Structures are given as C-alpha cells and as structure tokens.
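Accompanying notes for the structure given below.
In the UniProt record's numbering, the protein residues as written are 1 to 192.
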C-alpha cells in the first residue's frame with residue numbers, strides 16, 4: 001500500500017461522523033436515509049461523508065431499485081488499519097519471516113534456473129514471498145509502469161505473468177490503480 005494511501009485512509013477516518021457511519025455499517029447494510037435518520041443528520045451531509053469513505057474503498061454499494069445500500073468493506077478497513085504498523089519497521093520478507101541470507105539463497109537457487117527463469121511457483125508462503133521479492137529487484141521505486149510493461153517484465157521470469165502480477169499486488173509488493181502499477185516502498189510490503 002502506498003504511503004499516500006495510508007495517509008488518505010487515516011484522513012478519511014479523521015472525522016467523528018465517518019467513524020459513526022462505520023460503526024453503524026458494522027452492524028449491517030443501510031441506505032443513506034436510514035443512516036441520516038440514525039445519526040440525526042441531513043441526507044446531503046451523509047452523501048458527502050459516504051463519498052469520502054468511498055474514495056478510500058471503505059464502503060461497498062448495492063443498488064436495489066432506486067435505493068442504494070451501503071455496507072462496510074471490512075477487508076479494506078482491516079488491511080488499511082494494519083498497514084501503518086509496517087511503516088518504518090523496515091518491512092521486507094527478512095523481518096516478517098526471519099529468513100536468513102542462507103535460506104534466501106537456497107530458495108532462490110531451488111526455484112530459479114541459472115538463466116533466472118522461475119522453475120515453479122512455490123506453494124509455501126515463506127518461499128513465495130522470497131521469490132516475489134527477488135523478482136521485484138529489477139523494478140524502480142517511484143516509477144509508474146503500464147500493465148503491458150509489467151507483463152513484459154514478468155515474462156522474463158515465467159510465462160504465467162498474470163498470476164505473478166496478481167501475487168505482487170496481493171502481497172503488497174506493488175500497488176495498482178487504473179492499470180498502472182507502482183512498486184511499494186519496502187516499509188509497507190504486506191508479508192503476513
């Protein structure tokens with residue numbers, strides 16, 4: 001997760017009304033009128049706050065005829081709340097998994113050919129993270145890559161670049177928005 005995304009998440013939660021909305025949605029989906037009624041606020045105020053929560057991905061919407069029901073995206077809430085704990089800790093696979101340099105070398109040797117191709121994608125999480133970390137070493141921090149560029153980059157390792165790309169996102173090595181990819185700083189790699 002990008003550092004600016006962590007900041008935006010916490011800014012969105014920096015409002016009492018939004019915290020109250022999250023508390024209400026934790027109990028189950030509600031439409032805007034119901035939220036307004038329970039909080040004693042006007043619907044336009046709720047619309048404003050829902051837009052802020054939507055921007056950071058904290059709510060999901062479901063339309064039923066002319067009514068939009070809002071629900072809490074608990075996965076994003078938990079992931080974003082925990083992301084700050086990784087900032088400044090050095091992150092990275094070594095700290096999270098306590099992988100020694102010797103283990104790391106053995107994993108890389110076992111899963112990559114001498115030419116640098118990935119033989120097989122590991123099933124064990126610890127090994128998977130070492131493999132992914134090894135693959136991102138050729139990417140530049142701060143550079144925005146188009147999806148086609150990432151695909152070409154990953155093809156040098158394995159033909160199933162789509163799986164590798166998805167894993168890089170899921171394990172927080174990279175951030176994706178509008179088919180643009182950016183390497184996350186080591187401090188926020190989510191390797192748990």
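Yeah, the Cβ is synthetic: ideal placement off N, Cα and C, and Gly gets one too. Quick caveat, the model's predicted, so the values are computed rather than measured.
Which of helix, strand or coil does DSSP assign to residue 31?
-> strand
Is residue 83 buried or exposed, if buried means 16 or more other CB atoms sit within 10 Å of its CB?
-> Here residue 83 is buried, its C-beta having at least 16 other C-beta atoms within 10 Å.
Cβ atoms of residue 39 and residue 68: under 9 Å apart, would you say?
-> no
Could you say which of 132, 178, 184 and 143 lies nearest to residue 161 if we only look at CA atoms?
-> Restricting attention to 132, 178, 184 and 143, the CA atom closest to the CA of residue 161 is found in 132.
Nearest neighbour of residue 144, chosen from 37, 105, 56 and 175 [CA to CA] | 175
Rounded to whole angstroms, what's the CA-CA distance from residue 108 to residue 56? Just pull it up for me.
-> 36 Å
From which residue to which residue does the alpha helix (DSSP H) around residue 149 run?
-> That run of the alpha helix (DSSP H) goes 147 to 155.
Have a look at residue 70 and residue 102 and give me their C-alpha separation to the nearest angstrom.
-> 50 Å
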